[in-house]
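Chemist:
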DNA sequence: CCAAAAGTGTTCCAAGTACACCCATGA
DNA sequence: TCATGGGTGTACTTGGAACACTTTTGG
């Protein structure tokens, strides 16, 4: 039980082992989906603008019982972080639906939770629009604009993940992970608007994503609604793999 | 020793503790500095274009003795990751010189190093130009363009850190962490060129960073060299704190 | 024929790039 | 006065925002 670790060169003493036992590593995932919101009856007005939602479960036990937490749990010895994230998520949603999973930062404050130390590696997960996964009874989607009281530092994790998602919507094709396989520009516009938190112009969205070859028309059209209107062209994302589309926003290398 | 962990809800069994002992957490830091290169005597030609260099130490012990590794080491129970990074670095360089430290991704493959599992949290560190810190004998600066054989996955970490640095030079003021306190535009140009790996135009660099209020003229000028030339205006970075300067490269929110 | 929704064309503007030309200095 | 390096002026280009206008549908 004594000796120098061959890799790091640190000593494996009784004290180290004891202190080490008390440090565990957990994974936390902020899973987002753009979801049509249930009707708000404010004087009969029904809102159907979709909102960005995050998957949370309600703690039944102390500490912080009654508050809402991100899905996650302990990292096992034989799995890496993405595998662990997927495994933990499988307890809350159908992981088949997960179209994107990406590591965010690590929260390592020794005091971040009461009791023994827990280091948290956080992830951003995305689920596309039409999916309606089954949820356990303690689990629900919450609009990010109206978050409930949250456990520990989980609120910070959610904010962090939102910021990252918004940034990536601008310079990558990450929208594919939120949108249905095929969609109209106005559907896509409402998805981007929900995820970014501000109004996005459908005309410009079409042109920007088209010019970058991020979306491609399928050639088919969607039938108009009851009230008429021109039928909308259907699009799909050109790649279903994550891709950076606008690498050099500024200070690009010389042309030659 | 048995029971349910109050936070994560997982069981603390003998098996869990045993497997847990064998998992440790280390910090690895890729520290960069733009350094004037020692003279290359290729037929008498002396090159003095500075290059981006990374701080490495040579392993004296197996496994992989003789290969070069990033500074770092084990995370202690009472410190968070940035503190640990600074502490580990202090064994190799004067941490006072460190102007930027930022977390990159976690390497969590259970097999990433031989022997017991070691999870690595990686960091990007920056040291400004004029600094010439003392180094231990096993430690040296290596140009990123000519890296020696490196230990484990450390090469990947360095590449990752370079990519991140290059990206951030474009849309943040992170250059302050590589440049001297005061500098001429042509000095800054050579720093950016070295860090980005391609030729940067001094005229445009001045205009871009000036327009964004990233750099400010001090009002003073630097004396010209032996061969004459107009004296150069001195600049400094407006903020010495990390700041995002070009948040919305595309898909910016509406003006009103 | 009108309202509604989708798509196109046009103008404007911000921001970078490229490069010619002007300025200040030492020998 | 000239070579040298620094700074400015300007024309070009890219790409996104805004908005008017046209197209295609249902009632």
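Residue numbers (UniProt numbering), protein chains in the order written: chain A, 1 to 256; chain B, 1 to 256. Even for Gly, the Cβ is constructed at its ideal location relative to N, Cα and C. No experiment lies behind these values; they were computed from the predicted model shown.
1) Under a three-way DSSP split, which group does residue 175 (chain B) fall into?
2) Whose CA, out of A:86, A:68 and A:178, lies closest to the CA of residue 259 (chain A)?
3) How close, in whole Å, do the beta carbons of residue 29 (chain A) and residue 88 (chain A) come, if the pair is a contact with beta carbons under 8 Å?
4) Does DSSP put residue 97 (chain A) in a helix, a strand or coil?
5) Which same chain residues, not among the five before or five after residue 172 (chain A), have their C-beta less than 7 Å away from its C-beta?
6) Quick check on residue 69 (chain B): does DSSP put it in helix, strand or coil?
7) Report the start-end ranges of each alpha helix (DSSP H) in the stretch 146-217 of chain B that is 4 residues or longer and not cut off at the edges.
8) Below 8 Å, can you find three or more Cβ-Cβ pairs linking the stretch 160-174 of chain A to the stretch 132-142 of chain A?
9) Between the Cα of residue 213 (chain B) and those of B:238, B:189 and B:224, spot the shortest distance and give me the residue it belongs to.
10) In the DSSP assignment, find the unbroken alpha helix (DSSP H) run with residue 82 (chain B) in it and report its ends.
11) Put residue 106 (chain A) into one of helix, strand or coil per three-state DSSP.
12) Is residue 98 (chain B) near the ligand MN, judged by its Cβ being under 7 Å from some heavy atom?
13) Looking at the structure shown, is residue 47 (chain A) part of a helix, part of a strand, or coil, going by DSSP?
14) Does the beta carbon of residue 170 (chain B) sit closer than 8 Å to a beta carbon anywhere in chain A?
15) Out of B:230, B:59, B:104 and B:70, point me to the one whose CA is closest to residue 82 (chain B)'s CA.
16) Please list the partners that residue 78 (chain A) has in chain B, where partner means a Cβ-to-Cβ separation under 7 Å.
17) Could you tell me the boundaries of the beta strand (DSSP E) in which residue 30 (chain A) lies?
18) DSSP three-state call for residue 144 (chain A): helix, strand or coil?
19) Does any residue of chain A bring its CB to less than 8 Å from the CB of residue 146 (chain B)?
20) Based on the DSSP output, what are the partners of residue 234 (chain A) in its beta bridges?
21) Go ahead and pull the three-state DSSP assignment for residue 245 (chain B).
22) From B:23, B:207 and B:148, pick the residue whose C-alpha is nearest to that of residue 57 (chain B); which is it?
23) Across which residues does DSSP place residue 125 (chain A) in a beta bridge pair?
24) Grouping DSSP H, G and I as helix and E and B as strand, with all else coil, what is residue 55 (chain A)?
25) Any beta-carbon of chain B closer than 8 Å to the one on residue 103 (chain A)?
26) I'd like to know if the stretch 197-205 of chain B and the stretch 64-75 of chain B are in contact, where contact means that at least 3 CB-CB pairs between them fall below 8 Å.
27) Does the stretch 151-162 of chain B come close enough to the stretch 214-222 of chain B that 3 or more CB-CB pairs lie under 8 Å?
28) Might you give, ordered along the chain, the residues of its own chain that have their beta carbon closer than 6 Å to the beta carbon of residue 232 (chain B), omitting 5 neighbours on each side?
29) Using DSSP with H/G/I as helix, E/B as strand and the rest coil, what is residue 118 (chain A)?
30) Ignore the nearest five residues each way along the sequence and tell me which others in residue 236 (chain A)'s own chain have a CB closer than 8 Å to its CB.
31) Roughly how many angstroms lie between the CA atoms of residue 120 (chain A) and residue 125 (chain B), to the nearest whole one?
32) Measure the CB-CB distance between residue 127 (chain A) and residue 33 (chain A) and report whether it falls below 8 Å.
33) Would you kindly check if the distance between the Cβ of residue 106 (chain B) and the Cβ of residue 106 (chain A) is under 8 Å?
34) Can residue 23 (chain A) and residue 117 (chain A) be called in contact, C-beta distance under 8 Å?
35) Chain A beta carbons: is any one of them nearer than 8 Å to that of residue 122 (chain B)?
Modeler: Working from what's here:
1) helix
2) There is simply no residue 259 (chain A) to check, as chain A begins at 1 and stops at 256 in what is shown.
3) 7 Å
4) helix
5) 242, 243, 244 and 245
6) strand
7) 154-171, 185-196 and 202-211
8) no
9) B:238
10) 81-90
11) strand
12) Ligands are entirely absent from the displayed structure, and the ligand MN is therefore not among its contents.
13) Because residue 47 (chain A) sits at a pLDDT of 49, beneath the cut-off of 50, its placement in the model cannot be relied upon, and the following sentence gives the value as read from the coordinates. Of the three classes helix, strand and coil, the one that applies to residue 47 (chain A) here is coil, per DSSP.
14) yes
15) B:104
16) 110
17) 24-35
18) helix
19) no
20) A:184
21) coil
22) B:148
23) A:31 and A:101
24) strand
25) yes
26) no
27) no
28) 184 and 222
29) strand
30) 181, 182, 183, 215, 216 and 218
31) 22 Å
32) yes
33) yes
34) yes
35) no
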